[in-house]
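As they're listed, the protein sequences go chains A and B. In terms of the numbering used here, the first sequence opens at residue 1 and continues consecutively. In terms of the numbering used here, the second sequence opens at residue 1001 and continues consecutively. The structure under discussion appears below in the form of structure tokens.
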Amino acid sequence: MSGDIHNDETEMGRAYADEVGLPPTPADQMWREIEAHLPERNRGGGAKVVPLGRRVRWQKVLGWSMAAGLILATGVALGRASIESDGGPDGVATPPPVVASGPAAGPGAQAGNLEAYQALTRKRVAGMEPLLTMLTADAQLGRFDPEMAAWAQRQLTRTRLALDRPGAEDPAIRGLLEDLELIFVQVASLQRLPAERAGQEMGFIAAALEEGGLLARVRAVQVAGP
Amino acid sequence: MGRGDRALVARALEGDQGAYRTLYDGHVDRVFRLAFRMLANEEAATEATQKAFIRAFESLKQFRGDAAFSTWLHRVAVSVILNERRVAARRAPRELSFDEAVSHRSTLPRDVELGMGIRGAVQDLAEIYKTVFVMHDVEGYKHEEIADVLGVAVGTSKARLSRARAMLRQALGGDAQAAV
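Shown next, in the form of structure tokens:
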């Protein structure tokens, strides 16, 4: 019986191998493409080609600088809005001062509050774009930067807070926040993995980013404005 | 081979392009075979193999030598291949679905029937089972090597293979045994 099973298993592997017959390896054709991406060239003093990885690293440095500035500006603006309204702690979903004092606070004021929540949520989402761009570039190259995990952890907290607030009632924004939440969970969890494995996992995150069209959707929020 | 690969990696990191080519020549056939068996499409396999080597060479500094270069390269390759498979699955349906294959089997010789059925059945396996089945039963990798590449225990690799075979037997509805 066990012999039959073994034969069956061998046969299944062989049948699949026969069915998916191998073509010759196009080694030279593939090498031409690979050679163009080699990190360093050493051809007897020929011109050095700036490797793709190095270009991305430079873009990354510029991206970090721009993103840091943007986050600072967004943080200050949100912080001010928070202090001016009711001093709420998170600075994300606390609305700016929509004045509705005394008995005059009716449906109009509530609608104003909702709009303010939505505007702040959109602003928060739009503020993620530069770093999300970097994350996408890293993910496509299978690279993982531990700083990115810390950033994702912060964004995860803020995204979850935003999801619990009225600003997330817009179905498009809510769907986007939920998709972003999943990505941030994945990225934040990578810090527990060895660097090599984390880099490989970034490949899967790249697929998820592409599949969800996340960057395009975040940019659309940015374009739409408050 | 392992020590030779490490020396080649060191030379490549110093900018020796010949070392890259030697590393490539030493491993390209096995990576391409795996990609082709997994993707069942020459163009997709070519694309995946290129991407795997490009990513591996760009990340060569991350190769610390605690595993064989071949194992490390295969980790990268499997990641790329699985991504390619997901992208391909989103863009277009398979050329021949399992149901289509089954519906056309009755007029075919039994060995052809088994081949057509098993192609669809393997393609329908979940990634974790398909990867182990193709690596072990089709390409002859050892469980220890599969476990290293996939970052799982040897027992997990064996369990997945056992499950993959059981699912294939079920999908083939006993044709596999009848054909042996």
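We put the beta carbon where it would ideally sit given N, CA and C, even for glycine. All figures in this text were calculated on a predicted structure; none of them were measured in a lab.
Determine, using beta carbons only, whether residue i comes closer than 9 Å to chain B.
{"i": "isoleucine 183 of chain A", "result": "no"}
{"i": "glycine 213 of chain A", "result": "no"}
{"i": "threonine 136 of chain A", "result": "no"}
{"i": "leucine 52 of chain A", "result": "Note that leucine 52 of chain A scores 42 on pLDDT, short of 50, meaning its location in the model is unreliable and no value can be drawn from it."}
{"i": "glycine 167 of chain A", "result": "no"}
{"i": "tryptophan 31 of chain A", "result": "yes"}
{"i": "glutamate 129 of chain A", "result": "no"}
{"i": "arginine 143 of chain A", "result": "yes"}
{"i": "arginine 43 of chain A", "result": "For arginine 43 of chain A, the predicted model reports a pLDDT of 42, less than 50, meaning its position is unreliable; a value from the coordinates is still stated below. Yes, contact with chain B."}
{"i": "tryptophan 58 of chain A", "result": "Its pLDDT being 42, under 50, tryptophan 58 of chain A is placed unreliably in this model, and the value from its coordinates should be taken loosely. Not an interface residue."}
{"i": "glutamine 200 of chain A", "result": "yes"}
{"i": "leucine 190 of chain A", "result": "no"}
Between the Cα of residue i and the Cα atoms of the options, which residue gives the shortest distance?
{"i": "asparagine 113 of chain A", "options": "A:Ala139, A:Gly167, A:Met128 and A:Leu193", "result": "A:Gly167"}
{"i": "asparagine 1083 of chain B", "options": "A:Glu201, A:Thr10 and A:Glu19", "result": "A:Glu201"}
{"i": "glutamate 35 of chain A", "options": "B:Phe1063, B:Leu1168 and B:Tyr1024", "result": "B:Tyr1024"}
{"i": "proline 194 of chain A", "options": "B:Gly1173, B:Phe1063 and B:Ala1010", "result": "B:Phe1063"}
{"i": "arginine 14 of chain A", "options": "B:Val1122, B:Gly1173, B:Glu1042 and B:Ala1012", "result": "B:Val1122"}
{"i": "glycine 1173 of chain B", "options": "B:Gly1155, B:Lys1158, B:His1143 and B:Gly1120", "result": "B:Gly1120"}
{"i": "alanine 1010 of chain B", "options": "B:Ser1059, B:Glu1042 and B:Val1031", "result": "B:Ser1059"}
{"i": "alanine 198 of chain A", "options": "A:Asp138, A:Asp170, A:Thr10 and A:Leu215", "result": "A:Asp138"}
{"i": "alanine 1159 of chain B", "options": "B:Gly1018, B:Val1031 and B:Ile1128", "result": "B:Ile1128"}
{"i": "leucine 163 of chain A", "options": "A:Gln29, A:Gln118, A:Gly213 and A:Val218", "result": "A:Gln118"}
{"i": "valine 1076 of chain B", "options": "A:Gly142, A:Ala152, A:Leu176 and A:Val221", "result": "A:Gly142"}
{"i": "alanine 152 of chain A", "options": "A:Leu131, A:Gly175 and A:Leu38", "result": "A:Leu131"}
{"i": "arginine 1021 of chain B", "options": "A:Asp18, A:Pro23 and A:Gln29", "result": "A:Gln29"}
{"i": "glycine 127 of chain A", "options": "A:Arg219, A:Glu169 and A:Pro24", "result": "A:Arg219"}
{"i": "glutamate 1042 of chain B", "options": "A:Pro26, A:Arg32 and A:Leu38", "result": "A:Pro26"}
{"i": "valine 125 of chain A", "options": "A:Arg32, A:Leu215 and A:Met134", "result": "A:Leu215"}
Excluding five sequence neighbours on each side, which residues of the same chain lie with their C-beta closer than 8 Å to the C-beta of residue i?
{"i": "glycine 21 of chain A", "result": "none"}
{"i": "glycine 46 of chain A", "result": "Here glycine 46 of chain A scores only 36 on pLDDT, less than 50, and its place in the model should not be relied on; the value that follows carries that caveat. Hits under 8 Å: none found."}
{"i": "arginine 174 of chain A", "result": "Leu163 and Ala168"}
For residue i, which residues in the same chain have their Cβ closer than 6 Å to its Cβ, ignoring the five residues on either side in sequence?
{"i": "threonine 157 of chain A", "result": "none"}
{"i": "phenylalanine 1133 of chain B", "result": "Ala1164"}
{"i": "alanine 172 of chain A", "result": "none"}
{"i": "glycine 203 of chain A", "result": "Gly142"}
Give a yes or no on whether 9 Å exceeds the smallest Cβ distance from residue i to chain A.
{"i": "glutamine 1017 of chain B", "result": "yes"}
{"i": "glutamine 1170 of chain B", "result": "no"}
{"i": "aspartate 1181 of chain B", "result": "In this structure chain B extends from 1001 to 1180, so residue 1181 of chain B is not present and cannot be described."}
{"i": "aspartate 1025 of chain B", "result": "yes"}
{"i": "threonine 1046 of chain B", "result": "yes"}
{"i": "serine 1106 of chain B", "result": "Per-residue confidence for serine 1106 of chain B stands at a pLDDT of 37, beneath the threshold of 50, marking its modelled position as unreliable; the derived number appears in the next sentence. No, because no Cβ of chain A sits closer than 9 Å to the Cβ of serine 1106 of chain B."}
{"i": "threonine 1156 of chain B", "result": "no"}
{"i": "glycine 1151 of chain B", "result": "yes"}
{"i": "aspartate 1124 of chain B", "result": "no"}
{"i": "serine 1059 of chain B", "result": "yes"}
{"i": "alanine 1009 of chain B", "result": "Alanine is not the amino acid found at residue 1009 of chain B; the sequence shown has valine there. With 9 Å as the cut-off, valine 1009 of chain B does not count as an interface residue toward chain A."}
Does any C-beta atom of chain E lie closer than 9 Å to the C-beta of residue i?
{"i": "valine 20 of chain A", "result": "Judged by its chain identifiers, the structure shown contains no chain E, and its protein chains are A and B."}
So, for residue i: in the same chain, excluding its five sequence neighbours on each side, which residues have a beta-carbon less than 7 Å away from its beta-carbon?
{"i": "arginine 1033 of chain B", "result": "Glu1139"}
{"i": "histidine 1027 of chain B", "result": "Ser1070 and Leu1073"}
{"i": "glutamate 211 of chain A", "result": "none"}
{"i": "glutamine 191 of chain A", "result": "Pro146 and Ala149"}
{"i": "lysine 1061 of chain B", "result": "Leu1013"}
{"i": "alanine 104 of chain A", "result": "Since pLDDT at alanine 104 of chain A reaches only 46, below the 50 mark, its modelled position is unreliable, and the value read off the structure follows with that caveat. Here the set comprises nothing."}
{"i": "valine 1087 of chain B", "result": "none"}
{"i": "methionine 12 of chain A", "result": "none"}
Task: Sufficient close CB pairs (3 or more, under 8 Å) joining the segment 196-213 of chain A to the segment 1036-1048 of chain B - done: no
Task: Contact the segment 169-184 of chain A vs the segment 1041-1060 of chain B: 3+ CB pairs below 8 Å - done: no
Open item on the list: I want to know whether the segment 1135-1150 of chain B touches the segment 1064-1072 of chain B - three or more CB-CB distances under 8 Å.
Closed with: yes
TODO: Take every Cβ of the segment 146-162 of chain A, pair it with every Cβ of the segment 185-194 of chain A, and state whether three or more of those distances are shorter than 8 Å.
DONE: yes
- [ ] Mind listing, in chain order, the continuous beta strand (DSSP E) runs of no fewer than 3 residues lying wholly within the segment 152-189 of chain A?
- [x] none
Open item on the list: Restricting to runs no shorter than 4 residues, where is the alpha helix (DSSP H) found entirely within the segment 1014-1068 of chain B?
Closed with: 1017-1039 and 1042-1058
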